[in-house]
Structures are given as C-alpha cells and as structure tokens.
Amino acid sequence: MLLQVQQENMLQEKSRVPTKRAKNWKRLLTPYLFLLPFFLLFIVLTIGPYFYALGLSFFRYRGYGSATFLGFANYLSVLRYHVFWTELGNTLFYWAAHTFPLIVISFLLACLVRWKLIRGTKFFKPIIFLPNVFAIVAVSLVFQNLFATQYGVINQFFHTTLPWLESASLSRWVVVLLLIWRNLGFWFVVFLAGLTTISPELDEAATIDGATVWQRLRFVTLPLMRPIFFFAFIYDAITSMRLYTEPNVLTAGASLAQPSAAPVLNLLVTNLNAGNFGESSAVGWLLFLVTIGVAGVIFGLFRVTGEVE
Amino acid sequence: MVSLSTQKQPQHWWTVHTFLLAGGYAVLIVVSLVSLYPAVIMLLNSFKSNSEILINPGGLPIHWTLANYANILYGSQALVQQFWNSVLVTVVTTLLSMLFSAMAAFAFAKYRFPGRNILFLLLLATIMVPMEITLPPQYLLFAQVGWINTYQVQILPFMVPVFGVFLLRQYLLSIPDSLLEAARLDGANEWLIFWRIVVPIARPALAVFGILQTLNMWNSYLWPQVMANDTSVAPLMVILPNLRDTVVGFLPVWGTIMAGCVLATLPILILFLTNQERFMHGVVIGAIRE
Amino acid sequence: MPFLKEQMSRRSVLKLGFGVVASATGLSALAGCGSSTPGSAVGSSGPVTLNLMTWGGDADAKTAFSTIKNLYPDALKNISLKVTVPGANDADVAKALRLALSARSNIPDLIQLNRTQLSEFATSGALMDLTDFINPVKNDLFNGALQLATYQGKIMAIPFQIKSKIFFYRHDLFEQAGISLSDLSTTEGYIAAGKKFHAHFPDKYIINLGTQPQQYILGEFLSAYPDVHIYDQGRQSFQLTTNPAFTEVFTFLKQIKDAGIALPIDDFSNDWAQAFKNEKIGGVLIGNWMKEFLPQYATVAQTGKWAVSLWPKFSPSLSVNESLGSEAGGSIYVIPAGAKNPDAAKIYMQHYLLDRRGSVGQWEAVGVVTPLLKSAQQDVMDVVNKDVKPNNVSTSDWALQAQNFFGRSYQELEFSSFDTVRVFDYDPAATNEIAILLQALENVLSGSASVASALQQAQNDMQSQIGNPYNS
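Protein chains in written order, with our numbering: chain A, 1119 to 1427; chain B, 70 to 359; chain C, 3 to 474.
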C-alpha cells in the first residue's frame, strides 16, 4: 500500500517536473501577456507619437510629398510669432485667474458644510456637484446664451449692455467664470472627502485649548490638508495648460476662437489644419515645456511654504 | 457640539452663532441656485421658439413648444446620428480601456517580472506630457491607414488611459495573494484567475474607472474635431456648436441649440442621478489616486 | 521617420494583398462573365465613376453634371459622378486633399480649389500639367480666365468661376442724394459723396465696413496693382513695408472708416443681410458672386433699384486703377497627378467649362457660374434678352435672378468685368500670409495700431512664421 502510494508519488513527481518547467515558462510569460494589449497600443499611440512629434518638429512636412529639414526653425518661428505669446498669455491668464478663487471658494464651502450645525449636506452636495456633470460643450453654449449682448439674461437682469463676449477683455473673464462655475463642485467634493479624514478629535482638542475658528483653520486644518492642496494646484495647473473646449465654444461660432481669447492649443490645431505638421509638433513640445515650468513653480511655492510630501 | 464659549454669551435666543448659521445657509443656497440656474435656463429655453428666446431669454416660456426637439430628433437640425456616435464611441472605449487597463494593472500588482519598474516609470513619466503632443503624428498615422473620419480614430487613442492603470493597480494591490495562490493550486490558469476572481473583486474600482472614463469620452471635443468631424461619425459635442452658424430666416436657432444641449447632458445626468454617491465618491477617489 | 517607413511597409503589404484580390477578381471576371470591374479602364468602354470634390454642397455640381450629360450623351456615356463635400469652405477641401495625398488613397479626380490655393499644390508637384489640354481653347477664354488657370507660366488648372470686381449700388438713392458715379472716381470724391449720402439719409450709408472685414477685401484692392507680390523671390524678403501698395490700401480703408461714411458692420456678419433688407447700405464694393446673395438679402421689393458698374478708380490717391483686379481670382478645378480617372475627368471638363454649348447650358441650369468663353457671350446675352422663365425655376427664384433683379444690362457688365480681371500673384504660403495681413488690417481698422506699425508687425510675423514660402 505504502509502496503503491510511493510509486504514485514518484510518478507524480516525474510528471510534475516537465509540467513545472512548462508552468514556469508560462508564468514568466504571463505578466507580459497581460501587459501586451495595453502596452502595444501605448507604444504605438502614445510613446511612439511623442518621439515622432519631436522629430517632426524639426522638419517642414505637409503630410504628403517630401519633408525638409529645418533644424530649430519651427521653434524659432513659433517663438517669434506674437500670436503664440498672446495665446500663451491667455492660457496662463485662464489658469491663474480661475485656480485660486476656485480652490479657495470650494475649500471654504467644504469647511462650511462640515460645520456640524449645518444640516442637509446630503441635499446640497449633489446640487453643488451638478455643474461638473453637465457636458462641457453644453454648458459653454448655455453661458454663451446667458451672456449674449443683446438678448442675454445677465444683461437683462442687471439692465446693462456690456459686450460680454464681443469684447476681447471681457470675454476672457466670462471664460474664467465658466471654469470656476463648472469645477466648483468637483473640488468641493474632493476637499470634503479630505476634510473627513481629519479626525474630529484634533479639532475638539484645539477648541478646548481655546483656539478660535480662524486659528483652528490655520493651524490644524490647513496643514493637514496640505497634500490635498498640493495635488489640487498641480492637477488644476496641468489640466489648465491643455484648456481648449471652453474658450473656443464660448467665444466663437462654428469656427475657432480669435487669438485674443484663444488658448495655446489653438495654434497647434490651426497649424495642423493648415498642413504645417512640423510647426504643430513644435507648439506641442513648447506646451510641454510650459507645463513643466508651471508645475515647477507650484513645487517651488509649496517647498518655500513648508514641507512637501 | 456644546461649545464652552456659549456659556459666556448673554441669554438671547439670537446669538452671533445664529447669524453665522443663517449666513452659512444663505451662502449654500446662493451657491446652489447659481449652480442650478444655467441648467434650468437650458431646459426652459429648449421649450421656447427661436424668436422668443431673443425677447424672453430668462423666464418661463410664454409659448411652450416642442418644435426644437422635433428639429433635433428628425428635423433639419437632426442630431440623432451624432448622439449615437457619441454613445458608441463612449461605450466601446470605456469597456475596452477597462479591460486593457485592468489586465495591465493586474500584471503590475500581482506579478514580479524583469522590467516591471521600468515600464511603470514609463507610465508615470507620461503624466506631465500633454496628450495633445500626439495630435499631429497620430493624424498622420491614421491618415496613412485611411482611418480619419472613422470610429476607430476616436476610440483607439483613448484605450490606454494611464490613470486607469494607476487606479486599478492601487486597488488590486489590496487583494491578498493567498487568494490567487489557492486558485492556482486548484489548477486554474492565469487568465481564469484574472477573469473569474480578480475582476469581480475589483468591481468597485472598475466602476469608478468606468464612470471617469465615460465622463471623459462623452466630453471629448478636441480630438474628434480634428480627426473625425465628418457628420456621419462625429460625436454630438462636435456637431452641436456648429448649429450656431445655422440661421433660419436670418434668426439664429438658439432654441434648437438648447434642445441639443439637453440631449447632450441627459445621459450623464441620468447616470449621475441614479448613482450619486458612487459618482462623487468615484470622482474623488479617481482624482486623489493620481 | 522610422514610423513613416513602418507604416509604409505595412501599407505596401496591404496594397499587395489588395492587388492579389483585385487581380483575382479581374481574372475571374474575364474567365466568367457578366459583372464588369469598376474603375480603372482608361479610354476603354468600362463605366467610370468620376470623383469630384467641392465645398459647400453637392447640388450644383450634380445639376451641372446631369445637364452636360444630357447635352452630350455619347461623350459622357460611361461616366457617372460622385461628389464629396468635406466641409463648408475651401480650407476644408485643401485639408481633405492633403489627407488624400498623404494617405495616397481616395485621391479625387477633380477638385475645386480657390485660386489662392493653387500655388501650394502646384509647387509640390501634386497636380497634373494641363497646358496641352487647355491650349486648343486658349484664345477663346477671357483674359481673366486664362490668368486663373495659369501658375508661373504653366497652365495647371481649369478655370471655373472668375471673381471679378463689381460695384453694386442703389442708383435710386444716389439720384435722390445727387450723387453720380463720376463723383466716386477719386478717394476724396468718394468720401465727399459718402458724407453727402449720409447727410441726405441719416440712417443709410454708402458702404459698410466694420473692424473684422472678410479676407477678400485684401485681394480685391491689392490685385489692381501690377507686379505686386507679398514675397519677393529676387530680394528674398516680404514686401509689406517696402512696396507702397500695402500702405496705400490700408490707409484708404482707414480713411473710409474714420470719415464716418461706413455702416460699422462687416460682410457676412449676422446683421449684414438685415441691413440690406432695411435699406441701410447704399453700395457694396465687392465681387461678382454677390449677384447671388444681394437679391436674396434685399428681397424682391428692391428689384430694379440696384445698379451695377465696375469699381471706381480711386486714383490718384490709390496709385492704380482699382476698376482692375479681382477678388481671390476665382475658383478653379485641378486634376491631381495621382487621379484614378484623369481621362474621364478631362472629357467632362472639356464639355462642361471649355465648350460653348456646355458652359451656356450649365449657366442656364445652375445660374451661378458665368461662362468664361468669349464665344459663349452672345449666347448668354441672347438668353438674357429673350427673358423667358424656365419651367423648373419658381417665380420667386426667377425674380431674384441677376438679369431680372438688376436688369438686363447686368450680364453685359459682368462680361466686360472679366477683361478687367487681374489675378494677384499668390505664392505657396498665400493662406497664411492673407491671414496675417488680415489681422493687421483689423488692428488698423479698430484703431489699435497705425498703418505703418501694423504692416511692420505683419511683416515680422510673416518672416518668422513663413520664412521663405518657396521652401517646400
């Protein structure tokens, strides 16, 4: 009996050895197989194009025919083009003008809602979040209707005839307003979630120690929320550099926005539509440099004002 | 919260506290109204005729009309084709990207293999790089295979969302290895382990990813505008703004446009209203996990 | 470009695959019977589908084709037409053509372009040389038409629609205000007349000019100057600040704006059409294609009130005769070098635009494009003089036809305007240059820049953005 079992075991051992090798081989290959679909597409559609765009930016290529090597000429021509600087200025303006009010207001709102005496959080939360759910294009169109000079609600309500969307300077502020309005709910919910992670005992302890609301905010809440603020500013900055939909839909008709209100991506798109693939790629890589720069500024600010996590 | 400070206050029913409380509620109500008002206007204006909007842009419709909806559903500004284009692209991209991201996340989370860190760093490195850099080369690539103005060109570039891999990997890390080992000992092959065990467990994270990806795809505007703006394949978001150039009898068709906006908003709105908590929770998780 | 090569080899594999399938189909068709292989028969009896690309809409192109096919059923026996419309304007067609050339597939046989776009494609070798094709009818074409078709001495296109400059004006209002056409022949005279007009009719203006004019205004004014180029190849530099033409044109427009004689709205703005209906505009300095829009905007109520003439000369302040020139030149048809059915394309064009009967026939059917053959002129005038409404045109549409709205003399004037056409010498970067120049004009008209500084800025922009437009 025992011998039989031993024999069976030996058989199993023998059969396991080649299977083990096969299994090892398979196990080695498996993770790569799981990665394959994603990375194949990732290489072809993301990494590859990054380098292709970099290469393209040194050529003049119309999409057909031959490509002429230009060296840095495309970059120089973009950097010397005043429209590039106008649109870059617009992008930075949109970012700077909306980020600070947006994050501050949504944070304060979150604090307000967290105040225990306020009831009805479950009611207010989805309503404040709602603008974020609406399609960007749809709300841009609604805002265009609201701020129309002749027949817009805003002008009618305040009995003014301000050319909100027809004046270059005013239309930029409407874009900022739209950005704040739409993203308030998003950050409100994020900060709210962040605030709930702060243990209420810390707050209570501070209150018992005699801290005012303001002091509690400044010395307890804010430092604990620091990572979330950091993330908020970085994330908002990176996505703001890629702004495209809101200014174009809000300030223009079926065509693209005028340079006075357009973001940098407009230059990339107009070059692409005109067949200037080299310049279009150059604009893209310049935008990358700008993004790095902006992120660096935020990193620096946070390091200067304390520890960065 | 019985604050010690109330003991110092005089015995009035109104206190600074009450004023602050009222103020707090007032702020919340104002914010809620401001958040809702444009949406309400959008809805109301969709029931007004194009000419009425010019004289009555902000109030209730004087004459309620369904003409705008008739227009976008089967009239001269019909948007039905584009609506279904959006739906198709959104659904296919979300499902496929969910699958591919989950597979990749699984590999990163549950396997050790040479190159794992390098590949992961590769993903990480692309966060700061704006995706729009790939627009010119992708246009050329898709042009070469004749896929401009198709559905493929709207789906493929978005099948590899890096945030998806991060999100899912984070979640999958929390699955105990012993569970997988037990399945292996039972003779299950790796794919079965993934499909039958990991995926069901990862459902909450997948739901979050699904919601975020759906939002992204539904809103996509730049990409299809450049690569697929032919009306037969273009999504709703690209064609809707073009209605502004339409004039009927020298009048712009704002009523119809508002109806189109309602159409554009409805699906996500329904998704949101039926899944409120998960939606908001998911958006937060998705954001913070980045 | 490593990726381009990779893609190309993949495409060659695809092509091979298709080649095998196609030849198999062809062989089986020969071996078997019945089903004819579509497409590539050149000059043989196989049916051919012409692929025509245009912008805006396909109705006119289709109507024209069926008209020609009815006129010449034998010649066009095996040809049918497929029209592709990639978008609402010429930029969309250019983008689609670039796409087709890049993919080397779906290259249309006939493409309608604006004359401004000819340079880009002609210099890149993408177009077929049509000199031999056009030569037989060269002498019958109006001078302006021939200019349309020619680029750097070679005929690279088939002229389609000449855009000559025509001045439309309310002769009844002019009479009431005591203004005659000869008053307008100098700049000072034009401005004085404008003030007189506005004084007589406080709500009307002699012209409209906002701060964002359409780009054709540049072509219209600049094309009157002989031998003006935006980029001088000899000196290898842009000429905006050195050639006085640009300064003169910009100054002239600024003067009109500052004199207060212009209604401050722009062409094709939302209010423009209404302004005609409400009789706010007394005159338009524009192209002949306005004959299509003006009657619709002004409505039947203003029949007979509008007259036409060539543009006033505006000299001596504009140092050239502004009754000459054209807008963008006009639009043309080109045949790409890689077209699948070039012979069929030529056959169609021959009977459509280069044939007396064909061109008159399409004009009668579609009404938009006036024939460009001198031999057809009398035929057209005969039709106009006969004044018989065709059956397939409604009464309201008939009333808005040019000869009925403006009077029979319109057509004669349009023909004589064809001889005044001077096509501006656009270089390959024309689209970019015009966009930059237009921006400069907008700055001048809105008052945010002086003429000199705007032109300098535009020159700098062109220098940095374009470099040498002939470097392709």
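For each residue, glycine too, the CB sits at the ideal point set by N, CA and C. All values derive from a computational prediction rather than experimental measurement.
Does DSSP put residue 140 of chain B in a helix, a strand or coil?
helix
Close Cβ partners of residue 453 of chain C (< 8 Å) along its chain, the five nearest in sequence each way excluded:
249, 252, 253, 256, 446
Can you name the residues of chain A whose CB is closer than 8 Å to the CB of residue 268 of chain B?
In chain order: nothing, as chain A lies at least about 12 Å away.
Span separating the alpha-carbon of residue 1391 of chain A from that of residue 1215 of chain A
30 Å
Expressed to the nearest angstrom, what Euclidean distance is found between the alpha-carbon atoms of residue 1331 of chain A and residue 272 of chain C?
55 Å
Evaluate residue 1158 of chain A with the Cβ neighbour count: other Cβ atoms within 10 Å of its Cβ, from every protein chain shown; 16 or more gives buried, anything less gives exposed.
exposed
Against chain B, with Cβ distances strictly below 8 Å, would residue 1343 of chain A count as a contact?
no
For residue 1295 of chain A, which of A:1317, A:1394, A:1364, A:1413 has the nearest alpha-carbon?
A:1364
Helix, strand or coil, according to DSSP, for residue 279 of chain C in the structure here?
helix
With distance defined between alpha-carbon atoms, name the residue in C:83, C:181, C:304, C:105 nearest to residue 340 of chain C.
C:105
Closest by C-alpha distance to residue 299 of chain C, when choosing among C:162, C:287, C:281
C:281
Just mark residue 292 of chain C as buried or exposed, buried being the case when its beta carbon has 16 or more other beta carbons within 10 Å.
buried
Got a sec, what are the start and stop residues for the beta strand (DSSP E) residue 293 of chain C sits in?
Counting along the chain, residue 293 of chain C falls outside any beta strand (DSSP E), though it belongs to the alpha helix (DSSP H) covering 292 to 300.
Who pairs with residue 127 of chain B in a beta bridge, going by DSSP?
Partner(s): none; residue 127 of chain B has no beta bridge.
Kindly indicate which residue of C:152, C:435, C:419 has the alpha-carbon position closest to the one of residue 135 of chain C.
C:152
Chain B contact for residue 211 of chain C (CB, 8 Å cutoff)
no
Examine chain A for any beta-carbon lying closer than 8 Å to the beta-carbon of residue 133 of chain B, and answer yes or no.
no
So is residue 475 of chain C buried or exposed if we call it buried at 16+ other beta carbons inside 10 Å?
What is shown of chain C runs 3 to 474, which leaves residue 475 of chain C out entirely.
Let me check understanding here. Comparing Cα to Cα, which of B:184, B:328, B:343 lies closest to residue 116 of chain B?
B:328
For residue 1194 of chain A, go through chain C and note every residue whose CB falls closer than 8 Å to its CB, in chain order.
466
Kindly examine the ligand NAP and report whether one of its heavy atoms sits closer than 7 Å to the Cβ of residue 303 of chain C.
No copy of the ligand NAP appears in this structure; indeed no ligand is present at all.
Just confirm the distance between the C-beta atoms of residue 375 of chain C and residue 142 of chain C, as a whole number of angstroms; I'd bet it's less than 8 Å.
5 Å
I'd like to know if residue 126 of chain C contacts chain A, where contact means its C-beta is closer than 8 Å to some C-beta of that chain.
yes
Over the uninterrupted beta strand (DSSP E) stretch that includes residue 83 of chain C, give me the two end residues.
81 to 86
Tell me, please, whether the stretch 255 to 267 of chain B touches the stretch 184 to 192 of chain B by the rule of three or more beta-carbon pairs shorter than 8 Å.
no
Inside the stretch 1135 to 1207 of chain A only - alpha helix (DSSP H) runs reaching at least 4 residues:
1166 to 1174, 1191 to 1197
Are at least three pairs of beta-carbons, each pair with one atom in the stretch 159 to 178 of chain B and one in the stretch 266 to 275 of chain B, less than 8 Å apart?
yes
With 7 Å as the C-beta to C-beta threshold (strictly closer), list the residues of the stretch 75 to 103 of chain C near chain B in chain order.
101
Residues bridged to residue 308 of chain C by DSSP?
C:172
Alpha carbon to alpha carbon, what distance is there between residue 297 of chain B and residue 1176 of chain A?
27 Å
Could you name the residues of the same chain whose beta carbon sits closer than 8 Å to that of residue 312 of chain C, not counting the 5 residues immediately before and after it, in chain order?
167, 168, 169, 325, 415, 418, 419, 422
Rounded to whole angstroms, what is the Cα-Cα separation between residue 1227 of chain A and residue 1243 of chain A?
10 Å
For residue 410 of chain C, does the count of other Cβ atoms within 10 angstroms reach 16, so buried, or fall short, so exposed?
exposed
Could you check which residue in C:162, C:202, C:165, C:163 has the C-alpha nearest to that of residue 181 of chain C?
C:202
May I ask which residues mark the beginning and end of the beta strand (DSSP E) holding residue 289 of chain B?
Per DSSP, residue 289 of chain B belongs to no beta strand (DSSP E) and is neither H nor E.
Taking 8 Å as the threshold (C-beta atoms), are residue 113 of chain C and residue 95 of chain C in contact?
yes
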